[in-house]
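Worksheet: one structure, shown below.
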Amino acid sequence: MVVDTAAAYFEGDNDNDNVQAGNHARMLRSLVGLPGEPCVLVLCHPTKNAKTIDEMVPRGGGAFLNEVDGNLAAASSGGTIAVQTVGKFRGPELSPIHFGLHVVRNHPRLVDEDGRPMPTVVAHLVNEAGMEARAAESETADIALVRYVDNNPGVALEKIATAFGTNKSAANRMVERLIKENLLKRDRLTKKLTVSPTAQKSLNELENDAKRSETPLMPFPGVPGPRTT
Numbered sequence: 037m038v039v040d041t042a043a044a045y046f047e048g049d050n051d052n053d054n055v056q057a058g059n060h061a062r063m064l065r066s067l068v069g070l071p072g073e074p075c076v077l078v079l080c081h082p083t084k085n086a087k088t089i090d091e092m093v094p095r096g097g098g099a100f101l102n103e104v105d106g107n108l109a110a111a112s113s114g115g116t117i118a119v120q121t122v123g124k125f126r127g128p129e130l131s132p133i134h135f136g137l138h139v140v141r142n143h144p145r146l147v148d149e150d151g152r153p154m155p156t157v158v159a160h161l162v163n164e165a166g167m168e169a170r171a172a173e174s175e176t177a178d179i180a181l182v183r184y185v186d187n188n189p190g191v192a193l194e195k196i197a198t199a200f201g202t203n204k205s206a207a208n209r210m211v212e213r214l215i216k217e218n219l220l221k222r223d224r225l226t227k228k229l230t231v232s233p234t235a236q237k238s239l240n241e242l243e244n245d246a247k248r249s250e251t252p253l254m255p256f257p258g259v260p261g262p263r264t265t
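For any residue, its number in the numbering used here is found by taking its place in the sequence shown, counting from 1, and adding 36.
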């Protein structure tokens, strides 16, 4: 059974109150007593201050976490979605599980009442080799975006989306992530994008590495002595 979401079915007036959060968790736990004794998966919003996956525990004070059997968190990581245990898990620890996301746009049975296609997203497991490939692909895309902004200072999100074959929302997520990693900067007043000094240094190093790799080897000097035919 999937509860979507814990907040939607909360009956109290303060989801950060430990007593109310504990009562809510116990109510959700009671669902395991339904016919068939289902596993109950409750979707929760993380705490407001969570910045990394290791900080993603459910909102509602510590009482909510204390009443559940385990907490799984999901976050974007290297081109995949990583799912791992955080805060509490009754049982052996699990290694992070990685999923790729595939957009389905034109399924013949997935249409609205007017027959127009309704896009959706399907998750699929990604093995270790796939993770490495996606991480490399993500890194390549990051370099390409930083170079694009370096060549087009102040470029708008619409142009980034067009250049990278995506939509404005996805382009903004890419940009925001690179801002957090101190590779791009957005002017507080003009909102224009530029590369950071850190990114500029990295681009220069990449360019120098590329030049060194393309430098032809010096030919061997001729060997003195008579020629033979």
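From the three backbone atoms N, C-alpha and C, an ideal C-beta is built for every residue, glycine too.
According to DSSP, residues forming a beta bridge with residue i
i: residue 268; result: The structure shown does not extend to residue 268, since the chain spans only 37 to 265, so no value can be given for it.
i: residue 222; result: 229
i: residue 78; result: 39
Neighbourhood of residue i by C-beta distance below 6 Å, restricted to the same chain and skipping five residues each side
i: residue 190; result: 228
i: residue 274; result: Residue 274 lies beyond the range of the chain shown here (37 to 265); nothing can be said about it.
Sub-8 Å separation of residue i and residue j beta-carbons
i: residue 185; j: residue 230; result: yes
i: residue 208; j: residue 193; result: yes
i: residue 270; j: residue 78; result: Only positions 37 to 265 of the chain appear in this structure, which leaves residue 270 out of reach.
i: residue 111; j: residue 133; result: no
i: residue 61; j: residue 122; result: no
i: residue 125; j: residue 107; result: yes
i: residue 182; j: residue 239; result: yes
i: residue 268; j: residue 51; result: Residue 268 falls outside the range modelled here, since the chain spans only 37 to 265, and no answer is possible.
i: residue 200; j: residue 160; result: no
Cut-off 8 Å between Cβ atoms - residues of its own chain near residue i, not counting five sequence neighbours on either side
i: residue 55; result: 99
i: residue 215; result: 221, 222
i: residue 197; result: 203, 204, 206, 207
i: residue 70; result: 37
Cβ neighbours of residue i in the same chain (closer than 7 Å, five flanking residues each side left out)
i: residue 251; result: Residue placement at residue 251 cannot be trusted, given a pLDDT of 48 that sits under 50; what the coordinates show is reported in the next sentence. So no residue of the chain qualifies.
i: residue 93; result: 82, 83, 101, 107, 122, 123
_List, from N- to C-terminal side, the beta strand (DSSP E) runs of 3 residues or more that fit wholly inside the segment 95-151._
Counting only runs of 3 or more, we get 106-113, 116-125, 133-140.
*Would you say the segment 56-65 touches the segment 113-130, given that touching needs at least three Cβ pairs under 8 Å?*
no
*Would the segment 128-140 and the segment 152-168 be scored as touching if the rule is three or more Cβ pairs under 8 Å?*
yes
_Secondary structure, beta strand (DSSP E): runs of 3+ residues fully inside the segment 153-185_ = Every unbroken stretch of the beta strand (DSSP E) spanning 3 or more residues and falling wholly within the segment 153-185 is given here in chain order: 156-161.
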